[in-house]
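J.: If you want this note's numbering, it's the 1-based position in the sequence shown plus 7.
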Amino acid sequence: MAKYVYDFTEGNKDLKDLLGGKGANLAEMTNLGLPVPPGFTITSEACRHYLAEGAVPDGLEREVSEHLGAMEKRMGKVLGQADDPLLVSVRSGAKFSMPGMMETVLNIGLNDESVHGLAKQAGGNDRFAWDSYRRLIQMFGKTVLDIDGELFEHALDTLKAGRQDTDLDAAELQGLVETFKGIVRDQTGKDFPADPREQMRLAVMAVFDSWNAPRAILYRRQERIPADLGTAVNIVAMVFGNVGNDSGTGVAFTRDPGSGQQGIYGDYLQNAQGEDVVAGIRNTIPLQELERLDKSSYDELLRIMETLENHYRDLCDIEFTIERGKLWMLQTRVGKRTAGAAFRIATQLVDQGLITLDEAVTRVTGDQLVQLMFPRFDSGTEKKKIAKGMNASPGAAVGKVVFSSERAVELADQGEDVILVRRETNPDDLSGMIAARGILTSRGGKTSHAAVVARGMGKTCVCGAEELEVSIAERRFTAPGGVVVKEGDVISIDGTTGEVFLGEVPVVDSAVVEYFEGREPDDDLVRAVDRIMRRADEVRRLGVRANADTADDAARARRFGGEGIGLCRTEHMFLGERRQLVEDLVLASGDEERQAALDALEPLQKADFVEIFRAMDGQPVTVRLIDPPLHEFLPDIVDLSIKAATGETSEKQRDLLAAVKRLHEENPMLGLRGVRLGLVIPGLFAMQVRAIAQAAKEVPGAKPEIMIPLVAAVQELEAVREEAAGILADLGVEALVGTMIETPRAALTAGQVAEAAQFFSFGTNDLTQMTWGFSRDDVEAAFFSRYLELGIFGVSPFETLDRDGVGRLVRIAVEEGRKARPDLKLGICGEHGGDPDSVHFCHEAGLDYVSCSPFRIPVARLEAGRAALAECDSDTR
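#1: So what's W218 in DSSP terms, helix, strand or just coil?
#2: DSSP three-state label for L717, please.
#3: Spatial neighbours of A622 within its chain, please: C-beta separation below 6 Å, excluding the five flanking residues on both sides.
#4: Would T256 and A279 qualify as a contact pair, given that the criterion is a beta-carbon distance under 8 Å?
#5: For A698, which residues of its own chain have a beta-carbon under 7 Å away from its beta-carbon, when the five flanking residues on both sides are left out?
#6: Count the other C-beta atoms from every protein chain shown that fall within 10 angstroms of the C-beta of V71, then say buried if there are 16 or more, exposed otherwise.
#7: Note the first and the last residue of the continuous beta strand (DSSP E) segment covering T2.
#8: With the cut-off set at 8 Å, would you say V589 and I498 are in Cβ contact?
#9: Going by other Cβ atoms of all chains shown within 10 Å of its Cβ, with 16 needed for buried, is C879 buried or exposed?
#10: G780: buried (16+ other C-beta within 10 angstroms of its C-beta) or exposed?
#11: If contacts are defined as beta-carbon pairs under 8 Å, then F766 and G814 qualify, I think. What distance do you get, rounded to the angstrom?
#12: Since I271 and D301 should fall inside the 8 Å C-beta cutoff, what is the C-beta to C-beta distance between them, to a whole number of angstroms?
#13: To test your reading of the DSSP string, which unbroken alpha helix (DSSP H) runs of 4 or more residues are found completely within the stretch 170-202?
#14: When you compare only the Cα positions, how much space is there between A874 and E68?
#15: Can you find the residues in the same chain that come closer than 7 Å, C-beta to C-beta, to E618, ignoring five residues on each side of it along the sequence?
#16: Assuming the contact rule is C-beta atoms closer than 8 Å, M714 and T750 should be a hit. Round their C-beta distance to whole Å, please.
#17: Hey, would you say L4 sits closer than 8 Å to T577, going by beta carbons?
#18: Hey, how far is the Cα of G690 from the Cα of L684?
#19: Mapping DSSP to helix, strand and coil, what is L86?
#20: Taking DSSP's pairing of strands, which residues face R483 in a bridge?
#21: When DSSP labels each residue in this structure, what does R863 get in the three-state scheme?
#22: Assuming contact is defined by CB atoms lying nearer than 8 Å, are I352 and G273 in contact in what I supplied?
#23: Ordered along the chain, which non-local residues of its own chain (more than five positions away) have a Cβ less than 8 Å from that of R810?
#24: In terms of residues, what are the limits of the beta strand (DSSP E) holding Q269?
#25: Would you list, in sequence order, the uninterrupted beta strand (DSSP E) runs of no fewer than 3 residues that lie entirely inside the stretch 373-460?
#26: Does DSSP put L113 in a helix, in a strand, or in coil?
#27: In chain order, what residues of the same chain lie with their CB nearer than 7 Å to the CB of G525, ignoring the 5 residues before and after it?
#28: Out of L143, R370, V246, T48, point me to the one whose CA is closest to M540's CA.
#29: Name the two residues that bound the continuous beta strand (DSSP E) containing Q338.
#30: Tell me which residue opens and which closes the beta strand (DSSP E) that E326 is part of.
#31: Which value, in whole angstroms, describes the spacing of the CA atoms of S596 and G840?
#32: Would you grab the beta carbon distance between V377 and L876 for me? Rounded to a whole angstrom, and I think it's under 8 Å.
#33: Keeping to the same chain, check which residues put their C-beta closer than 6 Å to that of T345; ignore five residues upstream and five downstream.
#34: Kindly identify the DSSP beta-bridge partner or partners of S99.
#35: Kindly indicate which three-state DSSP category N674 falls into: helix, strand or coil?
#36: Is A472 helix, strand or coil by DSSP?
Okay, structure coming up:
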């Protein structure tokens, strides 16, 4: 028979799945002999049953009664008895810390009779008893009966009339109790429940229900906490910090959660209950002041803090109460901390001999490293927020607003910092994006062109700021409230939060990026990052490459620890001045004209590859042959049509218009692109392969890998590979020839494809798009927020790889590909290559490397090391 209730003496810190973090840690402190009030925990399993069935499981009420009876016997008093009442708190406690997101009710057991018994317990302290009673009605009314809390707050504020709550006397508080009971009666049509067991039963149900409260759902989504865990409920004998000035409540940290520095950190509030500290109803005092007020309790607290940190081997967050000089521990947990504190604390604990360096690597995350890498706005500066969009690429950027790439380049060449503002960007905007400090768009999502390219370049980007009305023609945008920002005005954008500010906000540089760029570690944070990164590199199995299209990107990738290029996209090499040659290729009327256009492009392509091979200095470079549809490299059809209608076009422009119309596709992402383009346009792929081979001959030690995009059938790959092999043989160059696995059919027929491919690189952007049937350029802004709200997504599948669907295709391709070709090299080059959770999946799936934007390389290195250590830990269990 299932057991749904555990006494604190029965649990331990390793039972968080069952008892939640709070219950497991209360049990652990009890077992350590620390002063914890008696209590018991109702398991999260009972909560899950309640949420699924709408009723508590059979036997739960009996178990609760048994454990309550044992508590009453231990305490020598009965819940709510009139002359000497036992009171309890009912508190939530999920597996993962969700501070303030779910419900707590204190002082359960008080009614019109037991309030007098409580006063007697406190030596005739009527004020304390009535204060506790009004607190119960207020908390119970708000959290259990769903009454607007403002009704209680207004009544309390009216009574205080500018005084502190501690200034209210017993008679005033007794009157407030009657006022509060009247509010309950008016709002619910029923009297406040006087039966202590009914109070406790309803409070437990309220805690269960709070698991699905909107704020709890939002917090879980933000923190990526699974929605099906449920919460445990802790029922604890009350101890009182509001008895008088010899009592109080506080929170303490064993180290500074902001910086990680060792010391005494926390807050204390005399004559108060725990909720008063977090509610901010009175100003707290620094924890050090407790030494003056109650040295005995202070000294005991410091001893307990040391015990807990040494036991948990980590920063601990502690809640405590002092009742008439007696210290009680109400909670401990591994404390939340800033990214900088996480790295500092991890290495400090290594130096203290509490954890190993391997454990230190597992104590930090790639997400925390990202926070340290990007510049930030000075938090102490006043800012005027004018809009908010999607936090597409982290960082802080300040500059003059420009509305065209040409203007961005022009001003940047003059030494100006600029922010490129567009409705949405396209490949033509690349030069402006490179020149700009940051990019702001009113359309698009986190996988839009602006977002993907910005992340690849390490540029700050805010996308989809739909509140903005952007007028490119008038060179201005309008923000809510009628704020008009013209070209040349200064704005600041925060790619970490998605916020847009008017004017200049001071920016703080990241020392961690300077370290990755080659600066010697010269402060404790950077030294901590250096130690952890070195160990992660030593233990990781996955290689880490870069998605890089230019020599500058390639050089940066090497500085950041990249071990090659996993994706060099060639389409960016066809823009700018070369667009003319692409137009010539499209307009070619026969073989000779087409070949002439290809011949003109070839030396330019070769020069690009020479620079990249030199920058990588003997590391492998995977070059993806041209992928997008050709019409993306042609002028906009609308612009050409307008000019044609007004008679402003030349003969070539009219020919281009005809070509654009001829090449137009309803769904170009599923049309003539990738390998199909290479098979339909004779000589296109051959030109690129020759350029790659000639560049490799010119650069000693070059290791080219030629990647054929969008293959869906092995026959496509065989046709291109045969041509490529002939060119490579003629030029005497060795190069691997492989393919991107980015269509479901390629994944499902990987055994066949591997017979013609020497490597696979999973293009998970397109693979995700095709598996889900999403157009990534359209769906994020259209309905992703609703899908996240409904729990259909825990996180966007374009941000973190979908293990169940896309991940299964990857696993199939890995297994069948390696079965057909045991030495098959396997990598990933989609946006997921720099996502922490996706890196762990790639390790588990058996890939050889991940490839990501240069600025994500340190993140991938760290997470690859953490994945390897997690596997070792799993193997030893």
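Think of the CB as a built atom: it goes at the ideal place given N, C-alpha and C, for glycine as much as any other residue.
This one's a predicted model, so the numbers in the text were calculated from it and none came from an experiment.
T.: For this structure:
#1: Against the sequence shown, residue 218 aligns to sequence position 211. W218: coil per DSSP, three-state reduction.
#2: As a first step, residue 717 is located in the sequence shown; it is residue number 710 there, counting from the start. L717 falls in the coil class under three-state DSSP.
#3: Here residue 622 refers to the residue found at position 615 of the sequence shown. Within the same chain, A622 has close Cβ partners A558, A561, A562.
#4: On the sequence shown, residue 256 is found 249 positions in, with the first residue counted as 1. On the sequence shown, residue 279 is found 272 positions in, with the first residue counted as 1. For T256 and A279, yes; Cβs fall inside 8 Å.
#5: Sequence index remark: in the sequence shown, residue 698 carries index 691 (1-based). Here A698 has E609, Q612, K613, F616 as same chain residues with Cβ atoms under 7 Å from its own Cβ, once five neighbours each way along the sequence are excluded.
#6: Locating residue 71 in the sequence shown gives position 64, counting from the first residue. Counting the other CB atoms within 10 Å of its CB gives V71 a total of 16 or more, which places it among the buried residues.
#7: Because the chain in this structure spans residues 8 to 884, residue 2 falls outside the shown range and cannot be described.
#8: Taking the sequence shown and counting its residues from 1, the one referred to as residue 589 is at position 582. Taking the sequence shown and counting its residues from 1, the one referred to as residue 498 is at position 491. No, Cβ-Cβ distance for V589 and I498 is not below 8 Å.
#9: To locate residue 879, count along the sequence shown from 1; it is residue 872. It counts as exposed.
#10: Within the sequence shown, residue 780 is the residue found at index 773, counting from 1. So G780 counts as exposed.
#11: As a working note, residue 766 is residue 759 in the sequence shown. As a working note, residue 814 is residue 807 in the sequence shown. About 20 Å; that fails the 8 Å criterion.
#12: By 1-based counting over the sequence shown, the position of residue 271 is 264. By 1-based counting over the sequence shown, the position of residue 301 is 294. The beta-carbon separation of I271 and D301, rounded to 15 Å, does not stay under the 8 Å limit for a contact.
#13: Fully enclosed alpha helix (DSSP H) runs of 4 or longer: 177-195.
#14: Here the question's residue 874 lines up with position 867 in the sequence shown. Here the question's residue 68 lines up with position 61 in the sequence shown. Between A874 and E68, the C-alpha separation is close to 43 Å.
#15: Working through the sequence shown from its first residue, we reach residue 618 at position 611. Cβ contact annotation for E618 (same chain, cutoff 7 Å, sequence separation greater than five): A558, in chain order.
#16: Locating residue 714 in the sequence shown gives position 707, counting from the first residue. Locating residue 750 in the sequence shown gives position 743, counting from the first residue. Not a contact, Cβ separation roughly 14 Å.
#17: Residue numbering for the chain in the displayed model covers 8 to 884; residue 4 lies beyond these limits and cannot be assessed.
#18: In the sequence shown, counting from the first residue as 1, residue 690 sits at position 683. In the sequence shown, counting from the first residue as 1, residue 684 sits at position 677. Using only the alpha carbons, I get a separation of about 10 Å.
#19: The sequence position of residue 86 within the sequence shown is 79, counting from 1. Residue state, collapsed to three classes: strand.
#20: Here the question's residue 483 lines up with position 476 in the sequence shown. Per the DSSP secondary-structure output, R483 pairs in a beta bridge with S478, K493.
#21: Here residue 863 refers to the residue found at position 856 when the sequence shown is read from its first residue. Of the three classes helix, strand and coil, the one that applies to R863 here is helix, per DSSP.
#22: By 1-based counting over the sequence shown, the position of residue 352 is 345. By 1-based counting over the sequence shown, the position of residue 273 is 266. No; because the gap between Cβ atoms is not below 8 Å, this pair is not in contact.
#23: Position 803 of the sequence shown, counted from the first residue, corresponds to residue 810. Closer than 8 Å at Cβ, skipping near neighbours: F848.
#24: Position 262 of the sequence shown, counted from the first residue, corresponds to residue 269. Per DSSP, Q269 belongs to the beta strand (DSSP E) from 269-277.
#25: List check, beta strand (DSSP E) in window: 391-395, 397-400, 403-409, 425-429, 445-448.
#26: Counting from one through the sequence shown, the residue named residue 113 turns up at place 106. Note: L113 maps to strand in three-state DSSP.
#27: Within the sequence shown, residue 525 is the residue found at index 518, counting from 1. Here G525 has R566 as same chain residues with Cβ atoms under 7 Å from its own Cβ, once five neighbours each way along the sequence are excluded.
#28: In the sequence shown, counting from the first residue as 1, residue 540 sits at position 533. It is R370 whose Cα lies nearest to the Cα of M540.
#29: Here the question's residue 338 lines up with position 331 in the sequence shown. Q338 -> beta strand (DSSP E) spans 333-341.
#30: Reading the sequence shown from its first residue, position 319 is the one you call residue 326. Run containing E326: 323-330, per the beta strand (DSSP E) assignment.
#31: Numbered from 1 along the sequence shown, position 589 holds the residue referred to as residue 596. Numbered from 1 along the sequence shown, position 833 holds the residue referred to as residue 840. Rounded to whole angstroms, S596 to G840 spans 42 Å at the Cα level.
#32: Within the sequence shown, numbered from 1, the residue matching residue 377 stands at position 370. Within the sequence shown, numbered from 1, the residue matching residue 876 stands at position 869. Not quite, the Cβ-Cβ distance comes to about 20 Å (not below 8 Å), so this is no contact.
#33: In the sequence shown, residue 345 corresponds to position 338, counting from 1. Answer for T345: G265, listed in chain order.
#34: Locating residue 99 in the sequence shown gives position 92, where the first residue counts as 1. In the DSSP assignment, the residues bridged to S99 are V240.
#35: Counted from its first residue, the sequence shown places residue 674 at position 667. For N674, the three-state secondary structure derived from DSSP is coil.
#36: One-based indexing of the sequence shown puts residue 472 at position 465. Coil, per DSSP.
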